[in-house]
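Everything on this sheet refers to the single structure shown next.
In my numbering, the protein residues as written are 30 to 606.
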C-alpha cells in the first residue's frame with residue numbers, strides 16, 4: 030500500500046487541484062448515499078402514517094426523493110470526471126517517470142536487458158498503477174466510508190440484522206486474505222513469462238531478416254506458444270481460485286437470510302416497513318466495498334507485481350552521472366589523456382593501466398585483435414562507463430568533473446552498425462541538432478557523400494527509413510550516421526569499426542564522408558582494416574587490454590612485431606579485414 034501512496038504522491042504533488050476537489054466530492058457523495066435510504070425510510074413510514082390519518086403528502090415526499098437522486102447524480106458525475114482526471118495524470122506521470130529512468134540507466138543495463146521487455150514492463154507498470162490507485166484510493170474509500178456509516182445506523186435501527194452482517198464481513202475478509210496468499214506466486218510467475226514472451230517477440234520482429242533467412246518463423250512461434258502455455262497454467266490456477274472466491278463471496282451475502290429476519294421483525298412490530306427498506310438498502314451499501322474487493326482481488330497480485338517490476342527500474346543504481354558540481358567548458362582544445370586507465374566488466378579485465386596522450390586535433394587509430402579492448406576505450410571516451418581506476422583528462426580536467434550530457438554532445442560517434450529511427454532521413458540526420466534547418470541537414474549530407482543517394486529516392490529527404498533503417502543499405506546507413514555527426518559539429522570524433530562491414534566501393538564513399546568529419550578534430554578511429562588507418566597521425570596497438578605500442582605506421586612496422594604480423598597477414602588475406 031505504501032508503494033501506491035508513493036506513486037499517488039509522486040504523480041499529483043505538483044498538481045494537487047484534482048485531489049483537493051476529490052476529497053469534498055467524495056465526502057458529499059457518501060453523505061448523499063446515506064441520506065437516500067434515510068429519506069426513503071422517512072418517506073415510507075410517513076406515507077403509511079398518512080394513510081391511517083387519511084392524508085398522504087405524496088407529491089411533497091416524492092419531490093424530496095427526486096431532489097436527493099438529482100444531487101446524487103450530480104456528485105457521481107463529478108466523481109466520475111475527477112477519477113478520470115486523476116487516473117489520466119497518474120498514467121502520464123508514471124509512464125514518464127519510468128521512461129525517464131530507463132533513459133538514464135547505465136549502458137550496461139540496456140546491454141543485458143531486452144528492449145521489448147523493458148518497454149513492456151513500463152507499460153504494464155503504468156497501467157496497473159492507475160488501476161490500483163483508482164480502485165483502492167478513488168473508488169474503495171467512498172464505499173468504505175458509506176459502509177461504516179450504514180453499519181453504525183443499522184445497529185441503531187435493528188441490531189439483530191446488523192449482527193448478521195457483522196459476522197459475514199470478517200469471514201469474507203479471512204477468505205480474501207487466504208486467496209491473496211494462495212495466488213501471489215502464480216501471478217508473479219505468470220507476469221514474468223508474459224514479459225519474457227513479449228521480449229522474445231520484439232527481438233524476432235526487429236531482427237526479421239535473420240528470422241526469415243534462417244527459416245525460423247515456426248520456431249519463434251513455437252517458443253511464444255510454449256511460454257504462453259506455461260504462463261496460462263499459472264494464470265489458470267490463480268483464476269480457478271478467484272472463481273471459487275467470488276462464488277463463496279456472493280454466497281456469504283446471505284441476502285435471503287437478511288430478508289427473512291427483517292420480515293420476522295416487521296411482523297412482530299419490532300421494525301417498521303420504512304426501517305426494513307432502509308436495512309435492505311444499507312445492506313447493499315455495506316456489501317459494496319466487499320463486492321469491489323471480491324472482483325478486484327483476482328487481479329490484485331498481478332497488478333501489484335507489475336507495479337513492483339516498474340519500481341525496480343527506479344531502484345536500479347545509476348553509476349555514470351553528473352555530480353552536483355559538474356561543469357561545462359565554454360571552449361576546449363580537444364586534448365585527451367588516458368592516465369593509468371584500468372577497466373573491468375564485472376570480474377573480466379578489459380583494459381590494464383592504459384597511458385595515452387592525444388594532442389588536440391590529432392587522429393589516433395586503435396587496432397588489435399578482437400577482444401583487445403578497442404571498443405572499451407570508445408565506451409570510456411563517451412563516458413558510457415567510468416574507469417575502474419585511473420583518470421581520463423580533457424584539456425587537463427578529469428572527465429568525471431564534466432556534465433555528462435554536455436560532454437556527450439561534444440562527441441560525434443559512428444558505429445559499425447548504426448541503428449536509425451523509424452522516421453524520415455531528414456529527421457534522422459537532424460536528431461543530433463534539433464535546431465538545424467533543412468539547409469543545414471542537406472549541407473551535412475553533401476559533406477558525408479550521402480546527398481546523391483538520398484536525392485535518388487522519390488521522396489528524397491522525406492523518405493522513411495523503416496524500423497531500424499531496413500530500407501537503407503549498410504553503406505547508406507553509415508553515411509546518414511556520418512552526416513548526423515557532421516551536423517553535430519563535435520570537437521571529438523569516435524569511429525568504432527565504421528567501415529568494416531562495407532564493400533570496397535561503398536567504403537570509398539563512406540571514407541570521403543569520414544575525411545570531412547574528422548578534419549580539424551581530435552579523432553579516435555577503431556578499425557580492423559589496417560589499410561584504412563595508415564594515414565592517421567599515430568596508431569595505438571592494443572593486445573589483451575594492454576597498450577603495447579603507439580607510433581606512426583612506418584615506425585610500428587619496424588618496432589612492433591604484433592602490428593607488423595597483423596599487416597602482413599591482412600595483405601596475404603589470412604587475417605579478416
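From the three backbone atoms N, C-alpha and C, an ideal C-beta is built for every residue, glycine too.
query, result
"Residue 396 bridges to which residues according to DSSP?", "570"
"Report the option in 65, 396, 477, 429 whose CA atom is closest to the CA atom of residue 581.", "396"
"With 16 other CB atoms within 10 Å as the buried threshold, where does residue 605 fall?", "Only weak support exists for where residue 605 lies, its pLDDT of 48 falling under 50; the value from the coordinates is given anyway. Burial call: exposed."
"Relative to the C-alpha of residue 180, which residue among 441, 253, 318 is closest?", "318"
"What is the rounded straight-line gap between the Cα of residue 474 and the Cα of residue 545?", "11 Å"
"Bridge partners of residue 160, per DSSP?", "Answer is none; residue 160 lacks a bridge partner."
"Would residue 171 and residue 119 be called neighbours here (beta carbons separated by less than 8 Å)?", "no"
"Go through its chain and collect everything with a Cβ distance to residue 48's Cβ below 7 Å, but skip five positions before and after it.", "41, 115"
"Considering only the beta carbon of each residue, do residue 39 and residue 154 sit closer than 8 Å?", "no"
"Can you grab the Cα-Cα spacing for the pair residue 565 / residue 579, in whole Å?", "12 Å"
"Using three-state DSSP, classify residue 451 as helix, strand or coil.", "coil"
"What span of residues does the beta strand (DSSP E) with residue 372 cover, start to end?", "365-374"
"Is residue 296 helix, strand or coil when you go by DSSP?", "helix"
"Going by CA-CA distance only, name the one from 481, 457, 364 that's closest to residue 552.", "364"
"Would DSSP call residue 553 helix, strand or coil?", "strand"
"If I'm right that residue 586 touches residue 570 with Cβ under 8 Å, what's the distance once you round it to whole angstroms?", "Going by Cβ atoms, the distance from residue 586 to residue 570 rounds to 11 Å, so no, they are not a contact pair."
"Quick check on the burial criterion: 16 or more other C-beta atoms within 10 angstroms. Buried or exposed for residue 359?", "exposed"
"Does residue 126 pass the burial test, meaning 16 or more other C-beta atoms within 10 Å, or should it be called exposed?", "buried"
"Under 8 Å: do the segment 294-309 and the segment 66-74 share three or more Cβ pairs, one atom per stretch?", "yes"
"Would you report the Cα separation of residue 399 and residue 392, rounded to the nearest angstrom?", "21 Å"
"Between the Cα of residue 460 and those of 51, 487, 514, 549, spot the shortest distance and give me the residue it belongs to.", "514"
"Measure the C-alpha to C-alpha separation of residue 338 and residue 219 and round it to an integer number of angstroms.", "13 Å"
"Mind checking residue 507: buried by the 16 CB within 10 Å criterion, or exposed?", "buried"
"How far does the beta strand (DSSP E) with residue 377 in it reach, from first residue to last?", "377-387"
"Nearest-angstrom Cα distance between residue 94 and residue 182?", "20 Å"
"If you follow the alpha helix (DSSP H) that residue 511 is part of, which residue opens it and which one closes it?", "503-517"
"If I follow the unbroken beta strand (DSSP E) through residue 442, where does it start and stop?", "440-443"
"Rounded to the nearest angstrom, what separates residue 302 and residue 223 at their Cα positions?", "55 Å"
"Given residue 603, which residues of its chain have a CB within under 6 Å of its CB, disregarding the five upstream and five downstream residues?", "Any reading at residue 603 needs caution, since the residue's pLDDT is 46, under 50, leaving its predicted position unreliable; the model's value is listed next. Around residue 603: no qualifying Cβ."
"Below 8 Å on the Cβ atoms is my guess for residue 61 versus residue 90; work out the distance and round it to an integer in Å.", "So it is not a contact: roughly 17 Å between Cβ atoms."
"Count Cβ pairs between the segment 413-429 and the segment 366-381 that sit closer than 8 Å; are there 3 or more?", "yes"
"Between which residues of its own chain and residue 495 is the CB-CB distance below 7 Å, once the five residues before and five after are set aside?", "451"
"Spatial neighbours of residue 246 within its chain, please: C-beta separation below 7 Å, excluding the five flanking residues on both sides.", "240"
"Using the beta-carbon count (16 or more within 10 Å), is residue 519 buried or exposed?", "buried"
"State the Cα-Cα distance for the pair residue 139 and residue 99, rounded to the nearest angstrom.", "55 Å"
"Measure the C-alpha to C-alpha separation of residue 53 and residue 111 and round it to an integer number of angstroms.", "11 Å"
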